[in-house]
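Asker:
Residue numbers (this note's numbering): 545 to 729.
(1) On the DSSP letters alone, give me the boundaries of the beta strand (DSSP E) that residue 632 sits inside.
(2) Does the beta-carbon distance from residue 625 to residue 587 come in below 9 Å?
(3) Can you have a look at residue 622 and say buried or exposed, based on whether 16 or more other CB atoms are within 10 angstroms of its CB?
(4) So the candidates are 697, 713, 695, 681; which of them puts its Cα closest to the Cα of residue 703?
(5) Is residue 604 buried or exposed, if buried means 16 or more other CB atoms sit within 10 Å of its CB?
(6) Roughly how many whole angstroms lie between the Cα atoms of residue 637 and residue 654?
(7) Nearest to residue 696 by alpha carbon, out of 610, 706, 670?
(8) Starting from residue 575, trace the alpha helix (DSSP H) both ways and give me its first and last residue.
(9) Less than 8 Å between C-beta atoms, sequence neighbours within five positions excluded: which residues of the same chain meet that for residue 641?
(10) In this structure, how does DSSP classify residue 672 when only helix, strand and coil are distinguished?
(11) Which residues in the same chain have their Cβ closer than 7 Å to the Cβ of residue 701, if we skip the five residues on either side of it in sequence?
(12) Between the Cα of residue 644 and those of 690, 686, 583, spot the shortest distance and give me the residue it belongs to.
(13) In three-state DSSP terms, what is residue 661?
(14) What is the DSSP secondary structure of residue 597, reduced to helix, strand or coil?
(15) Going along the chain, which residues of its own chain have a beta-carbon closer than 6 Å to the beta-carbon of residue 688, five neighbours each way excluded?
(16) Find the nearest neighbour of residue 675 within the set 631, 639, 578, 682, judged by alpha-carbon distance.
(17) Output the boundary residues of the beta strand (DSSP E) element that contains residue 720.
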């Protein structure tokens with residue numbers, strides 16, 4: 545029994561000691577997607593800015609069980625953020641407060657972007673790629689700043705800051721932009 549416990553402790557210590565911090569540049573596929581500016585992010589969760597009004601509405605179970613003002617599941621809901629060359633395409637849901645703008649009878653309440661990226665910059669920080677850029681919505685009325693954190697295991701966290709809405713964050717995964725999706729834009 546003591547031998548089994550001792551062996552288990554040695555294995556745990558060896559496995560912890562031999563793990564390396566993976567750097568973003570260790571994933572060759574991710575490096576290629578970033579260099580070619582050809583990737584797509586699909587979000588699994590949205591995390592709106594937690595204000596009193598948002599908390600009151602979202603904690604009322606209006607979105608169903610398991611969702612709250614801190615995290616909303618997007619699994620099964622179509623959404624994307626695509627980077628294709630110098631162009632940005634996004635169809636993302638929005639949960640939060642709109643500070644100004646928007647019209648009466650508006651049905652497009654999400655984040656809809658089809659624009660050229662402005663100030664596109666790629667850096668590495670804490671083992672992740674950090675991509676920042678700005679873009680406008682499809683009508684050109686609202687400007688967005690994106691900050692994307694890509695880890696080598698293809699997990700993504702990104703935030704969208706708007707000129708007319710509160711900040712919202714998303715969490716999901718990144719993949720290579722497929723040819724059929726490139727042709728559809």
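We put the beta carbon where it would ideally sit given N, CA and C, even for glycine. Here the structure is a predicted model, which is why all the values come from computation and not from measurement.
Answerer: According to the structure data:
(1) As a first step, residue 632 is located in the chain shown; it is residue number 88 there, counting from the start. Where residue 632 is concerned, the enclosing beta strand (DSSP E) stretches over 631-636.
(2) For the purposes of this step, residue 625 is taken as residue 81 along the chain shown, with counting starting at 1. For the purposes of this step, residue 587 is taken as residue 43 along the chain shown, with counting starting at 1. Cβ distance < 9 Å, so residue 625 and residue 587 count as in contact.
(3) Within the chain shown, numbered from 1, the residue matching residue 622 stands at position 78. Its Cβ having fewer than 16 others within 10 Å, residue 622 is exposed.
(4) Position 159 of the chain shown holds residue 703. Out of 697, 713, 695, 681, 713 has the C-alpha closest to the C-alpha of residue 703.
(5) As a working mapping, residue 604 is identified with position 60 in the chain shown. Residue 604 is exposed by the Cβ-count criterion.
(6) Taking the first residue of the chain shown as position 1, residue 637 is located at position 93. Taking the first residue of the chain shown as position 1, residue 654 is located at position 110. So the alpha carbons of these two residues sit roughly 4 Å apart.
(7) Stepping through the chain shown from its first residue, residue 696 is reached at position 152. Among 610, 706, 670, the Cα nearest to that of residue 696 is on 670.
(8) Residue 575 sits at position 31 when you count from the first residue of the chain shown. 572-580 is the span of the alpha helix (DSSP H), which, as asked, contains residue 575.
(9) Your numbering for residue 641 matches position 97 in the chain shown. Excluding sequence neighbours, residue 641 sits near 593, 595, 597, 598, 709, 710.
(10) On the chain shown, position 128 is the one that residue 672 refers to. Correct three-state label for residue 672: strand.
(11) Within the chain shown, residue 701 is the residue found at index 157, counting from 1. Taken in chain order, the residues that qualify are 693, 713, 715.
(12) By one-based count along the chain shown, residue 644 stands at place 100. Nearest option by C-alpha distance: 686.
(13) What you label residue 661 is simply residue 117 of the chain shown in a count that begins at 1. It is coil, neither helix nor strand.
(14) Here the question's residue 597 lines up with position 53 in the chain shown. Looking at residue 597 - three-state DSSP - the assignment turns out to be helix.
(15) In the chain shown, counting from the first residue as 1, residue 688 sits at position 144. So the qualifying residues of the chain are 679, 704, 706.
(16) Residue 675 sits at position 131 when you count from the first residue of the chain shown. The shortest Cα separation from residue 675 among 631, 639, 578, 682 belongs to 578.
(17) The sequence position of residue 720 within the chain shown is 176, counting from 1. Run containing residue 720: 712-720, per the beta strand (DSSP E) assignment.
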